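For the protein sequence lines, the chains are U and A, in the order given. The first sequence begins at 27 in my numbering and counts up one residue at a time. The second sequence begins at 27 in my numbering and counts up one residue at a time. We treat Cβ as the ideally placed atom computed from N, Cα and C, and that holds for glycine. Note that the structure is predicted; figures quoted are calculated from it, not measured. Below is one structure, written out as C-alpha cells; comments come after it.
Protein chains: 2
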Amino acid sequence: MYNFKFSTLTKGSTVFHAVRRRILLGEIPSGSPLVEQSLGREFNCSQGTVREALLRLQEDGLVERRGYRGTIVARTYVTEAIQMAKIRIGLEVEGIRQAALSFTTKDLENVENMLDKMEKAMAGGDQYAVSELDRLIHMTIFRASNLKALESILMRCTLHMHLFTFGSQETKDLRMSPTEAHKPIMQALAAQNPDQAAEAMRDHITQVIELWAPPLKSALD
Amino acid sequence: MYNFKFSTLTKGSTVFHAVRRRILLGEIPSGSPLVEQSLGREFNCSQGTVREALLRLQEDGLVERRGYRGTIVARTYVTEAIQMAKIRIGLEVEGIRQAALSFTTKDLENVENMLDKMEKAMAGGDQYAVSELDRLIHMTIFRASNLKALESILMRCTLHMHLFTFGSQETKDLRMSPTEAHKPIMQALAAQNPDQAAEAMRDHITQVIELWAPPLKSALD
DNA sequence: ATTATTCAGATTATCGATAATGATAATCGA
DNA sequence: TCGATTATCATTATCGATAATCTGAATAAT
C-alpha cells in the first residue's frame, strides 16, 4: 500500500537521464560513439531499452543516430548555435508574455523554491544540478504560456546552447547568484506585467549569452 | 555489384512513413490512438519496430506519447501554429540567405526536377505527393545553408503547420502552379543573390500561409 | 598500382514472449 | 449506500536471442 507513486522511472528513463547527464557535463565528448549493447550491459538492461533512451536523446538533439553506423554525441557549430539562440529568445520572450497573465502565486512559490535549490547546488559546487535547475525554471515559466508543442523545440535550443558552450570553452566558476539573476523576471511575473516580463527575460538571456557564449553575442543584433 | 545503395528502408522506416502519411492526409484524425501491437499486426512486424517508428513520429511532433497510457495523433492549436510559423519564416529566410551563396547549378537542376514531379503529382491529384515534394524542395534549399542541427526544428514547424491546416479546414483544390510559386526563389538562387532570395522566400511563405491558413496570417505582423 | 571481392567484427534492427503499468469495472465490508 | 479494495483488461515496457547491415582490412584480379 502507500500508493507512493514514486512511480515512474521507467528503466529507459533512467538510462536517458544518465546518458544525458554525461553528455551535458562533457564526460562524453562530442562525436564519441554510444553503443547500444555496451550501454545495456553497463545499465543492466536490454539493448532495446537503451535504444529508446537514444531515440529520446536524439529528439533533444544531443545525439546523432546514423542507422547501422552507430550513434554519436552531437556536434555543435557556431552558426547553428546562433540560430538556436535566436529561436530561444523569440520563444521565451513571447512565452513569458503569455505566462505573465496566468502566473499564480503558487507558480511563483514553486519557482522561488527552485531558486533556493539552485543557490544550494551552486554553493555545493554541483554544476550539473545548477544547469538542470536553471532549465527547469525556464521551462516552468514557459509551460505557463500554454504552448506545449513548442516546449520540445525550446528545450532543444537550450540544450544545444549548453552543449556549444561547454564544448567550446572551459568552465567558469564565477557566476552571479541565480536569485539575483532572475529577480527582474520574478518581479515582473509577480506584477503580472507582460511587457515588463518580456523585457526582463530578453535581458536575462542576453546577459547569460554574454557571460557564457561571447561568440554568440555579436550575432544577436 | 552495382552498389546501388537503394539501401534501404528498414522495416521501422516503412512503418514510420506509412503512419506519417496517414496522419498528414488526415486519415487518422488528431487525438486518435495509435496502438503498438495492432500496428505491428497490420504491418507484419513486431511491437518494438512500431515503437521505434512512433518515437520518430514524436520527434517530428506528429504524435504524443504518454507512457503507459498510449500514443495519440498530435493535436494543434492556433497559438502554437503561429509560433511555429514565425520560427519557420525566421529559419528559412536566414537559411536561404546562406544557401544562395553556395547554391550550385546541380542543386538548381535538382530542385527544377522536383518542381516537375510536383506539377505531375498535382495534375494526377496526388495531394500527399504534392505536399511531400514541397517539403522536400524547401528542405533541400535549407540544407544548402549548412545548418544541419536546425533541420529537424524546421521540419517540425512545417509538419505542425501542415497538421494545423488540414485539421482546421477542408482541402482546397485550387492552387497555383508550384513552378510559378517558386519562380522568384529560383531566380534569386540562380543569381546567387542572398537578399533577393531572402525576400522571395519570405513572400512565398507568407503567400502560402495566406492561402492555406488565414488564421495565422493576422498574427504575422 | 589500382580496382574488385571476400570475409570477419562490430553494431544496429527485428522478433516473440513476458513483465509492469494505469484505467476501469467488480467486489466487499462498514 | 458508499468508500475502499481487488480483479480485469488494454497497452506499453523490457528482455534475450537472432538477423541484417555497415566498415575496414586482407586478398585477388586487372
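On a CA-only basis, which of A:88, A:105 and A:107 is nearest residue 98 (chain A)? Give me that one, please. Within the second sequence, the letter at position 72 stands for residue 98 (chain A). Ranking A:88, A:105 and A:107 by CA distance to the CA of residue 98 (chain A) puts A:88 first.
Enumerate in chain order the residues of its own chain whose CB-to-CB distance from residue 33 (chain A) is below 6 angstroms, with the five nearest sequence positions on each side excluded. One-based indexing of the second sequence puts residue 33 (chain A) at position 7. Confidence in residue 33 (chain A) is poor, its pLDDT being 45 and thus under 50, which makes the residue's placement too unreliable to answer from.
What residues in its chain sit with their C-beta under 7 angstroms from that of residue 27 (chain A), if we drop five residues either side in the sequence? Reading the second sequence from its first residue, position 1 is the one you call residue 27 (chain A). Because residue 27 (chain A) carries a pLDDT of 30, less than 50, the predicted location of this residue cannot be relied on, and the following value inherits that uncertainty. Excluding positions up to five away in sequence, the list is empty.
Min CB distance residue 235 (chain U) to chain A below 8 angstroms: For the purposes of this step, residue 235 (chain U) is identified with residue 209 of the first sequence, where counting begins at 1. At least 8 angstroms separates the CB of residue 235 (chain U) from every CB of chain A.
Rounded C-alpha distance that separates residue 192 (chain U) from residue 67 (chain U): To locate residue 192 (chain U), count along the first sequence from 1; it is residue 166. To locate residue 67 (chain U), count along the first sequence from 1; it is residue 41. Taking C-alpha positions only, residue 192 (chain U) is separated from residue 67 (chain U) by approximately 28 angstroms.
Can a CB atom of chain U be found closer than 8 angstroms to the CB of residue 63 (chain A)? Within the second sequence, residue 63 (chain A) is the residue found at index 37, counting from 1. Not flagged as an interface residue toward chain U: residue 63 (chain A), since no C-beta distance is shorter than 8 angstroms.
Secondary structure of residue 127 (chain U), DSSP reduced to three states: As a position in the first sequence, residue 127 (chain U) is number 101, starting the count at 1. Here residue 127 (chain U) sits in helix by DSSP.
Identify each residue in the segment 160-192 of chain A for which the Cβ-Cβ distance to at least one residue of chain U is less than 9 angstroms, and report them in chain order. Taking 9 angstroms as the upper bound on Cβ-Cβ separation, chain U lies near residues 171, 172, 173, 174, 175, 176, 178, 179, 182, 183 and 186 of the segment 160-192 of chain A.
Taking all protein chains shown into account, decide if residue 72 (chain A) is buried (16 or more other Cβ within 10 angstroms of its Cβ) or exposed. As a working mapping, residue 72 (chain A) is identified with position 46 in the second sequence. Counting the other CB atoms within 10 Å of its CB gives residue 72 (chain A) a total below 16, which places it among the exposed residues.
Smallest Cα separation from residue 243 (chain A): which of A:174, A:166 and A:104? Position 217 of the second sequence holds residue 243 (chain A). Selected option, being the one with the closest Cα: A:104.
Along the chain, which unbroken stretches of the alpha helix (DSSP H) at least 4 residues long are found entirely within the segment 196-237 of chain U? Listed in chain order, the alpha helix (DSSP H) elements of length 4 or more contained wholly in the segment 196-237 of chain U are 204-216.
Work out the CA separation of residue 187 (chain A) and residue 150 (chain A) for me, nearest whole Å. Position 124 of the second sequence, counting from 1, holds the residue named residue 150 (chain A). Position 161 of the second sequence, counting from 1, holds the residue named residue 187 (chain A). Taking the straight line joining both Cα atoms gives about 24 angstroms.
Can you list the residues of chain U that residue 120 (chain A) reaches, using a CB-CB cut of under 7 angstroms? Translated into positions along the second sequence, residue 120 (chain A) becomes position 94. By Cβ distance, chain U contributes 109.
Coil, strand or helix - residue 98 (chain U) by DSSP: Counted from its first residue, the first sequence places residue 98 (chain U) at position 72. If DSSP states are grouped into helix, strand and coil, residue 98 (chain U) belongs with the strands.
When DSSP labels each residue in this structure, what does residue 41 (chain U) get in the three-state scheme? Against the first sequence, residue 41 (chain U) aligns to sequence position 15. Looking at residue 41 (chain U) - three-state DSSP - the assignment turns out to be helix.
Using a Cβ-Cβ cut-off of less than 8 angstroms, give me the residues of the segment 72-95 of chain U that come near chain A, in sequence order. Listed in sequence order: 74, 77, 78, 81, 82, 84, 85, 87 and 93.
Would the beta-carbon of residue 177 (chain U) fall within 8 angstroms of that of residue 168 (chain U)? Locating residue 177 (chain U) in the first sequence gives position 151, where the first residue counts as 1. Locating residue 168 (chain U) in the first sequence gives position 142, where the first residue counts as 1. Yes, the Cβ-Cβ distance between residue 177 (chain U) and residue 168 (chain U) is below 8 angstroms.
DSSP state of residue 241 (chain U) mapped onto helix, strand, coil: Here residue 241 (chain U) refers to the residue found at position 215 when the first sequence is read from its first residue. In the structure shown, residue 241 (chain U) sits in a helix (DSSP, three-state: H, G or I).
Along chain U, which residues have their Cβ under 8 angstroms away from the Cβ of residue 50 (chain A)? Taking the first residue of the second sequence as 1, we reach residue 50 (chain A) at position 24. Residues of chain U with a Cβ closer than 8 angstroms to the Cβ of residue 50 (chain A) do not exist; the shortest Cβ-Cβ separation is about 16 angstroms.
What is the C-beta distance between residue 245 (chain U) and residue 108 (chain U), in whole angstroms, given that I count them as a contact (C-beta under 8 angstroms)? The residue given as residue 245 (chain U) occupies position 219 in the first sequence. The residue given as residue 108 (chain U) occupies position 82 in the first sequence. About 4 angstroms separates the beta carbon of residue 245 (chain U) from that of residue 108 (chain U), a gap short enough to meet the 8 angstroms contact definition.
Shorter than 8 angstroms from the beta carbon of residue 117 (chain A) to some beta carbon of chain U? Counting from one through the second sequence, the residue named residue 117 (chain A) turns up at place 91. Output row for residue 117 (chain A): interface = yes.
Quick check on this structure: which residue in U:170, U:174 and U:155 has the alpha carbon closest to the alpha carbon of residue 50 (chain U)? The residue you call residue 50 (chain U) lines up with position 24 of the first sequence. Checked all of U:170, U:174 and U:155; the closest Cα to residue 50 (chain U) is U:155.
Rounded to the nearest angstrom, how far is the Cβ of residue 208 (chain U) from that of residue 141 (chain U), given a contact under 8 angstroms? In the first sequence, counting from the first residue as 1, residue 208 (chain U) sits at position 182. In the first sequence, counting from the first residue as 1, residue 141 (chain U) sits at position 115. About 6 angstroms; that satisfies the 8 angstroms criterion.
Residue 175 (chain A) and residue 125 (chain A) closer than 8 angstroms at C-beta: Here the question's residue 175 (chain A) lines up with position 149 in the second sequence. Here the question's residue 125 (chain A) lines up with position 99 in the second sequence. Result no, Cβ atoms of residue 175 (chain A) and residue 125 (chain A) do not sit closer than 8 angstroms.
I need the boundaries of the alpha helix (DSSP H) containing residue 158 (chain A), first residue and last residue. If you number the second sequence from 1, residue 158 (chain A) lands on position 132. That run of the alpha helix (DSSP H) goes 153-169.
Is residue 227 (chain U) close to chain A, meaning its C-beta is less than 8 angstroms from at least one C-beta of that chain? The residue given as residue 227 (chain U) occupies position 201 in the first sequence. Not closer than 8 angstroms to any Cβ of chain A, the Cβ of residue 227 (chain U) fails to qualify, so no.
Assuming residue 76 (chain A) is part of the alpha helix (DSSP H), what are its boundary residues? Numbered from its first residue, the second sequence carries residue 76 (chain A) at position 50. For residue 76 (chain A), the enclosing alpha helix (DSSP H) starts and ends at 73-85.
Along the chain, where does the alpha helix (DSSP H) that runs through residue 92 (chain U) open and close? Counting from one through the first sequence, the residue named residue 92 (chain U) turns up at place 66. Unbroken run through residue 92 (chain U): none, as it is neither H nor E.
Output, in chain order, the set of chain U residues within a Cβ distance shorter than 9 angstroms of residue 138 (chain A). For the purposes of this step, residue 138 (chain A) is taken as the residue at position 112 of the second sequence. Scanning chain U for C-beta atoms nearer than 9 angstroms to the C-beta of residue 138 (chain A) yields nothing, as the closest lies near 27 angstroms away.
With a CB to CB cut of under 8 angstroms and the five nearest residues on each side skipped, what residues in its chain are close to residue 230 (chain U)? The residue you call residue 230 (chain U) lines up with position 204 of the first sequence. Taken in chain order, the residues that qualify are 207, 208, 210 and 211.
Closer than 8 angstroms is the cut-off here; do at least three beta carbon pairs connect the segment 45-64 of chain A with the segment 126-134 of chain U? Contact fails between the segment 45-64 of chain A and the segment 126-134 of chain U, because fewer than three Cβ pairs, one in each stretch, are under 8 angstroms apart.
Check the Cβ of residue 106 (chain U) against every Cβ in chain A and list those closer than 9 angstroms, keeping chain order. Against the first sequence, residue 106 (chain U) aligns to sequence position 80. Within chain A, the residues whose beta carbon sits less than 9 angstroms from that of residue 106 (chain U) are 172, 173, 174, 175 and 176, listed in sequence order.
How long is the line joining the alpha carbons of residue 6 (chain A) and residue 152 (chain A), rounded to whole angstroms? Given a span of 27 to 247 for chain A in the structure shown, any question on residue 6 (chain A) remains unanswerable.
Continuous alpha helix (DSSP H) stretch holding residue 69 (chain A): start and end: Looking up residue 69 (chain A) in the second sequence gives position 43. Note, residue 69 (chain A): alpha helix (DSSP H), 62-69.
Opposing strand residues paired with residue 59 (chain U) [DSSP bridges]: Position 33 of the first sequence, counted from the first residue, corresponds to residue 59 (chain U). Note: residue 59 (chain U) sits in a beta bridge opposite U:98.
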